[in-house]
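Numbering (the working numbering), first residue to last: 18 to 116.
Here's what the structure looks like:
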């Protein structure tokens with residue numbers, strides 16, 4: 018039996034993908050912190066800030082039980098969280114490949 022979600026609520030599949038991607042990136046960074054350490058300081062600080070925001074939103078977004086409005090609501094929306102996690106993952110992969 019399939020349950021319907023309201024249009025404003027994230028589906029459980031999107032929430033699970035976001036949570037698993039955030040967990041995977043967090044474990045990868047715990048095991049290989051030199052990925053970010055290899056960057057020059059001018060690039061390291063924005064990447065760290067992007068990581069804090071994207072991983073934090075990735076862990077918090079699946080636990081949201083209410084619809085938020087405004088800028089914070091858009092920043093923590095399921096699609097924005099997943100998009101920023103993918104951007105952060107691509108930045109990390111770029112650091113491994115090109116640096």
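We put the beta carbon where it would ideally sit given N, CA and C, even for glycine. This one's a predicted model, so the numbers in the text were calculated from it and none came from an experiment.
Contacting residues, own chain, Cβ-Cβ under 8 Å from residue i (five flanking each side not counted)
i, result
"residue 67", "101, 104, 105, 108"
Range of the contiguous alpha helix (DSSP H) that encloses residue i
i, result
"residue 57", "Here residue 57 belongs to no alpha helix (DSSP H), and DSSP marks it neither H nor E."
"residue 95", "95–115"
"residue 33", "29–48"
CA nearest to the CA of residue i, picked from the options
i, options, result
"residue 113", "29, 39, 52, 60", "52"
"residue 37", "99, 57, 65", "99"
"residue 28", "78, 60, 46", "78"
"residue 75", "60, 87, 59, 93", "93"
"residue 45", "87, 110, 62", "110"
Other residues of its chain near residue i: CB distance less than 7 Å, five sequence neighbours each side excluded
i, result
"residue 70", "101"
"residue 64", "53, 56, 108"
"residue 5", "This structure leaves residue 5 out entirely; the chain is present only between 18 and 116."
"residue 117", "A question about residue 117 goes unanswered here, because the residues of the chain that appear run from 18 up to 116."
Contact test: residue i Cβ vs the ligand GDP heavy atom, cutoff 7 Å
i, result
"residue 65", "With respect to the ligand GDP, the structure offers nothing, as it holds no ligand at all."
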